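Structure, as structure tokens:
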Amino acid sequence: MRIIASFYKHEQVMFVSHLDMQRLFQRAFRRADLPLAYSNGFNPHPLLSFATALSVGYTSDCEYFDVMLSEYVSPAEFKRRVNAVLPQGVHIVDAVDAGDFKASLTP
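In the numbering used here, the protein residues as written are 4 to 110.
Printed below as a string of structure tokens:
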């Protein structure tokens, strides 16, 4: 299952880099006990992709990512569980089940 979500990044985390945001979300997904799908290979990692990298020092009201889950979780439940463990300044605004939508978020 693939979920596409939008989130905001406000002043409290404006100096968190893109790679640290990836780690932040990976840890939040583990804390929320979500069934993440992992890549194949010697060092598997969660299948998580961000649309664009926001520069350090900037805030945004609408950033996108997609994540693959190994089991079905409703978008509303996904949003509720992740928002419960995210730090102040980061919040998932919306989440949708991508279904058969195959296009990438990256340009």
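Each residue gets a CB set at the ideal place from its N, CA and C atoms; glycine is no exception. As the structure is a computational prediction, the values presented were derived from the model and not from experiment.
Quick check on the DSSP output: the beta strand (DSSP E) that includes residue i runs from which residue to which?
i, result
"Met24", "Counting along the chain, Met24 falls outside any beta strand (DSSP E), though it belongs to the alpha helix (DSSP H) covering His21 to Arg34."
"Tyr11", "Arg5 to Lys12"
If we count the other Cβ atoms within 10 Å of its Cβ and call it buried at 16 or more, is residue i buried or exposed?
i, result
"Lys105", "exposed"
"Val69", "Checking the displayed sequence, the identity of residue 69 turns out to be Asp instead of Val. Buried, since its Cβ has 16 or more Cβ neighbours within 10 Å."
"Ala8", "buried"
"Val81", "For the record, residue 81 in the displayed sequence is Phe; it is not Val. Phe81 should be labelled buried."
"Met96", "The question names Met, but residue 96 is Val in the sequence shown. With fewer than 16 other Cβ atoms within 10 Å, it is exposed."
"Ala98", "buried"
"Val88", "exposed"
"Val56", "For the sequence presented, residue 56 should be read as Ala rather than Val. Exposed."
"Ala31", "buried"
What number of angstroms, rounded off, separates the C-alpha of residue i from the C-alpha of residue j?
i, j, result
"Ser58", "Gln25", "13 Å"
"Glu66", "His21", "11 Å"
"Lys12", "Phe53", "13 Å"
"Thr62", "Phe45", "35 Å"
"Val19", "Leu27", "9 Å"
"Gln91", "Arg34", "16 Å"
"Met4", "Phe10", "19 Å"
"Leu50", "Gln29", "10 Å"
"Glu111", "Ala40", "Shown here, the chain extends from 4 to 110; a query on residue 111 therefore has no answer."
"Asp100", "Gly60", "31 Å"
Under the criterion of a Cβ to heavy atom distance below 6 Å, does residue i qualify as lining the ligand NAP?
i, result
"Gly44", "Because no ligand of any kind appears in the structure shown, any question about the ligand NAP cannot be addressed here."
task = At 4 residues or longer, and completely inside the region 49 to 105: list those alpha helix (DSSP H) runs for me, N to C.
result = Assignment of alpha helix (DSSP H) within the region 49 to 105, counting only whole runs of 4 or more residues, yields 78 to 86 in chain order.
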